[in-house]
Amino acid sequence: MIKTGIIGSGAMGTGIAQVAATAGHPVLLYDNNPDALSRARQSLENVMKRLVEKGKLETESAEGILQRIEYVNNLYACKDIGLAIEAIVEDLEIKKGVFEQLEDVVSEGCILASNTSSLSIASIAAACKKPERVLGIHFFNPAPLMKLVEIIPAIQTEPEVLAQSLGLIRSWGKTAVVAKDTPGFIVNRVARPFYGEALRILEEGLADAPTIDWAMTELGGFRMGPFTLMDYIGHDVNYTVTETVFQSFFFDPRYKPAFTQKRLVEAGYLGRKSGRGFYDYHHGAPNPEPRQDKKLGSQIVWRIVVMLINEAADALYWNIASRNDIELAMTHGVNYPKGLLRWADESGIAHCVETLDRLYDEYREDRYRCSPLLRKLAREGRGFFS
Ligand SMILES: NC(=O)c1ccc[n+]([C@@H]2O[C@H](COP(=O)([O-])OP(=O)(O)OC[C@H]3O[C@@H](n4cnc5c(N)ncnc54)[C@H](O)[C@@H]3O)[C@@H](O)[C@H]2O)c1
6 MIKTGIIGSG AMGTGIAQVA ATAGHPVLLY DNNPDALSRA RQSLENVMKR LVEKGKLETE
66 SAEGILQRIE YVNNLYACKD IGLAIEAIVE DLEIKKGVFE QLEDVVSEGC ILASNTSSLS
126 IASIAAACKK PERVLGIHFF NPAPLMKLVE IIPAIQTEPE VLAQSLGLIR SWGKTAVVAK
186 DTPGFIVNRV ARPFYGEALR ILEEGLADAP TIDWAMTELG GFRMGPFTLM DYIGHDVNYT
246 VTETVFQSFF FDPRYKPAFT QKRLVEAGYL GRKSGRGFYD YHHGAPNPEP RQDKKLGSQI
306 VWRIVVMLIN EAADALYWNI ASRNDIELAM THGVNYPKGL LRWADESGIA HCVETLDRLY
366 DEYREDRYRC SPLLRKLARE GRGFFS
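The numbering used here puts the first residue of the sequence shown at 6, with every later residue one more than the last.
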C-alpha cells in the first residue's frame, strides 16, 4: 500500500484523505494552518461516526480508516510517501512553491499530482526538477461520494506515471478518465452551457429561474436545475470557474460569463451558504413558483442540451478525451441523466445542427457556432455511436 501524502486539508484534501485511507493506504494529511488540520480531523471523525450509525461501515473499519490518517504540519514528514496529491489554494505561484518544496523532500520515484480545477498541469510541472513525474488527479466535490476522477497528463508527464496513477485511482473504486491538459479538462469545460445558456435564457427574459429549473429537472431529467445548482456550488466558485475558462480560452465567446452572476457575487449573494442567491434561503422566505408550461419547458431543455451536446462534440473533435471518457465524465462527474453524445444520436445529429444554425442565424454570435464534428456526422448521415 503506497503511503499517500495529501497536501492541503481543506474541503477537497479531507475528502481525498478519506478515499485513500478507505482504500487501505496510510495517509499523511498536511496543511500549513493548524486550525485547518483540526477541522479536518473533526470532520473525518464526524463522517466516520455517521457512516457507522447509518450501518454503512463497521466500527472496526471506521477506526481503521481514522488510524491510517496522520495529521502533520511539517512537509518533511512526507519524505517517504509514494504519491502526493496537492489540494491547496487555487493559486499558481503558491502551488509552484509547494511543488518545489515537496520535490526536495520526497524520493525520486514519488508521483506528484495536483487536484487543480483550472490551472495548467504543464505550468505546475515546470516548477519541478523532474516534471515527468507530475500530473493532474482531479477529484470532484465531495470526493468520497463522486465517482469520477479526471487524470490529466501534462506534456512533460511520463506514460508510466500516467499508467500507474490510473491503476491506483481505479483501485480506489473510482471511475478514472483521461483528459488533455486544456482549460476545464472535460467536465468543467463541457458543463459550461448548463449554467451559461440557462443564464442567457434568464437574461433575455424568456423564462425565470424557477421555470428553467423546473424544465431541466422535470422535463430534462437533470438532478438539479442550473440555478439551484449554482446556488449550491456558490456563485463565487462557479463564476470564477467560468471566468477562468473564458480567459484561458483566449476569450472565446462560447464561454463568456454572465453579468447577472457577476452582480450576485459583487452583492455577496453567493447562494445557499450566504442565505441568498437566485433563491432566498432564509426561513419562510417566499420564492416564486415555476410556470409549468410544457411547450416552453421543452424549448428551454433542448436549447441548453443542444449547447451541451455541441460542447461535448467539440471536446471530442479537439481530442480532449475519448468518446467513452466524455460520456463517463458527464454521467459520473455531474450525474447527467444521459451521455451527451448518445443524447445527440437519439435526438438526431441533423436536428442538433439545425438548432445550432438557427440560434447562430438569430444572434450572429460565435457562441452558437456548430462543432465541425457535428456538421461532418450530419453530412455523412452517421451518429457518434453508429
Ligand atoms: N472545492 C471544490 O469543489 C473543488 C473541486 C475540485 C477541485 N478543487 C481544487 O482543489 C484545491 C483545493 O480546493 P478546496 O476547495 O479544498 O480549498 P480549501 O480552501 O477548502 O482548502 C485549501 C487548504 O489549503 C491550505 N493551504 C493553503 N496554502 C497552503 C500552503 N502553502 N501549504 C499548505 N497548505 C496550504 C489551506 O490552509 C486550506 O486548508 C484547489 O486547487 C481547487 O481548485 C476544488
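For each residue, glycine too, the CB sits at the ideal point set by N, CA and C.
Please read all numbers here as calculations on a predicted model, not as lab measurements.
Check whether Glu316 and Val195 have beta carbons under 8 Å apart: yes
Cα-Cα separation, Glu50 to Asp298: 47 Å
His143 beta carbon near ligand 1 (any heavy atom closer than 7 Å): yes
Any non-hydrogen atom of ligand 1 closer than 7 Å to Glu58 Cβ: no
Endpoints, the alpha helix (DSSP H) within which Glu351 is located: Leu345 to Ser352
Tyr286 in three-state terms, based on DSSP: coil
Opening and closing residue of the beta strand (DSSP E) in which Thr180 lies: Thr180 to Val183
Exposure label - Ala168; buried when at least 16 CB within 10 Å: exposed
Boundaries (first-last residue) of the alpha helix (DSSP H) holding Pro377: Pro377 to Glu385
For Ile314 and Trp348, the rounded distance between their alpha carbons: 8 Å
Ala290 burial status per 10 Å Cβ neighbour count (16 or more: buried): exposed
Reference Gln304, options Ala41, Ile206 and Tyr81, closest by Cα: Ile206
Complete alpha helix (DSSP H) runs within the region 197–232 (minimum length 4 residues, chain order): 197–208 and 214–219
Cross-strand partners of Val154 (DSSP beta bridge): Phe144 and Ala181
Run of the alpha helix (DSSP H) containing Ala317, from where it starts to where it stops: Lys299 to Tyr322
Heavy atom of ligand 1 within 7 Å of Glu95 beta-carbon: yes
As assigned by DSSP and simplified to three states, the class of Glu359: helix
Short Cβ contact (8 Å threshold) for Val192 with Ala334: yes
beta-carbon Asp218 near ligand 1 non-hydrogen atom, thresh 7 Å: no
Own chain, CB closer than 6 Å to Thr14, minus 5 neighbours either side, in chain order: Looking at the sequence itself, residue 14 is Ser, so the reference to Thr does not match. The residues are Leu34, Asp36, Ala41, Leu42 and Ala45.
Range of the contiguous alpha helix (DSSP H) that encloses Val111: Counting along the chain, Val111 falls outside any alpha helix (DSSP H), and DSSP gives it neither H nor E.
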